[in-house]
Amino acid sequence: MQIQENFSLKPYNTFGIDAKAKYFAAFQTVEELSELISHPRLTTTNSRLILGGGSNILFTKDFDGVVLKNELKGIELVEEDEDYYYVKAAAGELWHEFVLYCIQHHYAGVENLSLIPGKVGATPIQNIGAYGVEIKDVFHSLEALHINDKAIQTFYVKDCAFDYRESIFKNKWKDQFIILNVTYQLRKQAKLNTAYGSIQQELEKMGITELTIQNVSQAIINIRSSKLPDPKIAGNAGSFFKNPIVSKFKLHVLNEEYKKVPAHSSDHYNYKIAAAWLIEQCGWKGYRKGDAGCNPLQPLVLVNYGNANGKEIYDLSGEIIQSVKDKFGIALEREVNII
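In our numbering, the protein residues as written are 2 to 340.
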């Protein structure tokens, strides 16, 4: 367990931003974590960041505090009943590797969340989602360490206040708990969801006649790979913005001017509009200024083409937000965490 000072975070965030942490340390056990948060050198600051895969974060400046990298590992089947498997994964496990593990063992429910970057610990915080599935749909419980009293507390679905890319850990309990593991409730009999996006077309393209969780996962991997740049080649954090939710009347007004606005029902009264479509309509698709740009294949993704700094990426996102508001009267929200 080594504490390092003035530590470059460039290898630890998928945007590839060369921000520095005042202090940096990694932990591989709960005991190491407890020691670190009590360490005299690290208790002098209230600024603390728990870092997983660094795939949903944008550093706009150096971090004047302590960064603790979660490297907790382990996956186990902890329980099963007639309908479900209950699978616990440590917070430091790579999410996509966990998805592949579930597919290999015929645990159904997370196949639509294939190829999402990041670690298991971030999934309930962000309530990650894609292609018609969110973490809340498969979540059972998690264990988290309270930073002040070091007690380990269990949270169930009812405790987490899940919403669209939201949870209680982004609001009421922000910076008060460190997630140690998450237990997912996964089906023994799959209920496959292929209605969202272009999944069905991709399955037909693949020549699939019999649906399985393996086939759905591969279709989504194919789709995401064709649209999203590899962070190792062009730094990015995946979808930078949330899909905005508008009223049924607002969507009707938009459809009067723009035929077939891509939208999905959010509830009986509201619709979720594709932020990528709004951004493209404003002319940002493929835009580049210096090394900061908007991906030419998927405009929801902002890109660091080499040496852009976090402020340049952030400023570009602000220009996009303003242009969408001016053109459509819709306020985009950043999905990425800004530091």
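Ideal placement from N, C-alpha and C gives every residue a C-beta, glycine not left out.
| Query | Result |
| --- | --- |
| Counting along the chain, where does the alpha helix (DSSP H) carrying T124 start and finish? | 123 to 127 |
| For Y197, collect the residues of the same chain with a Cβ closer than 6 Å to its Cβ; drop the 5 residues on either side in sequence, then sort them by chain order. | Y132, G133 |
| Let me know the alpha helix (DSSP H) ranges lying completely inside the region 187 to 248, each 4 residues or longer, listed in chain order. | 200 to 206, 214 to 228 |
| Return the CA-CA distance between N57 and D176, expressed in angstroms with no decimal places. | 16 Å |
| If K89 sits next to T184, beta carbons under 8 Å apart, how far is it from one beta carbon to the other, in whole angstroms? | 4 Å |
| With a 10 Å radius around its C-beta and 16 neighbouring C-beta atoms as the bar for buried, classify E357 as buried or exposed. | A question about residue 357 goes unanswered here, because the residues of the chain that appear run from 2 up to 340. |
| Rounded to whole angstroms, what's the CA-CA distance from Q3 to A27? Just pull it up for me. | 8 Å |
| Just checking my contact of Y102 with Q186 at CB under 8 Å: how many whole Å lie between their CB atoms? | Y102 to Q186, Cβ: 16 Å. No contact. |
| Taking 8 Å as the cut-off, is the C-beta of S35 nearer than that to any heavy atom in the ligand SAH? | Ligands are entirely absent from the displayed structure, and the ligand SAH is therefore not among its contents. |
| Tell me whether S218 is buried or exposed, calling it buried when 16 or more other Cβ atoms sit within 10 Å of its Cβ. | buried |
| Identify, in the order they occur along the chain, each residue of the same chain with its Cβ nearer than 7 Å to the Cβ of Y288, setting aside the five sequence neighbours on each side. | G294, C295 |
| Which one of K290, V247, E281, E258 has the shortest CA to CA distance from H269? | V247 |
| Is the CB of I322 under 9 Å away from at least one CB in chain B? | Protein chains in the displayed structure number just one, and chain B is not present. |
| Quick check: what's the CA-CA separation for L73 versus L181? | 7 Å |
| To the nearest whole angstrom, what separates the beta carbons of A145 and F156, a pair I think is in contact under 8 Å? | 6 Å |
| Between the Cα of F178 and those of N149, S324, E80, L10, spot the shortest distance and give me the residue it belongs to. | N149 |
| State buried or exposed for T210, treating a residue as buried only when at least 16 other CB atoms are found within 10 Å of its CB. | exposed |
| Taking a contact to mean a Cβ-Cβ separation below 9 Å, would you say K120 touches D63 in this structure? | no |
| I need the straight-line Cα distance from K286 to S39, nearest angstrom please. | 47 Å |
| When the Cα atoms are used, what is the spatial distance from P125 to I221? | 21 Å |
| Determine whether the beta carbon atoms of L298 and I274 lie at a separation below 9 Å. | no |
| What is the rounded straight-line gap between the Cα of F242 and the Cα of E336? | 5 Å |
| Measure the alpha-carbon distance for E334 versus K326 and round it to whole angstroms. | 11 Å |
| Closest to P232 by CA distance: which of F329, P118, K70, Y272 is it? | P118 |
| Unbroken beta strand (DSSP E) runs of length 3 or more, entirely within the region 35 to 70: which are they? | 49 to 52 |
| Using DSSP with H/G/I as helix, E/B as strand and the rest coil, what is N113? | helix |
| Output needed for N237: all residues of its chain with C-beta closer than 6 Å, excluding positions within five of it in sequence on either side, in chain order. | P230, V302, V304 |
| Is DSSP giving S267 helix, strand or coil here? | coil |
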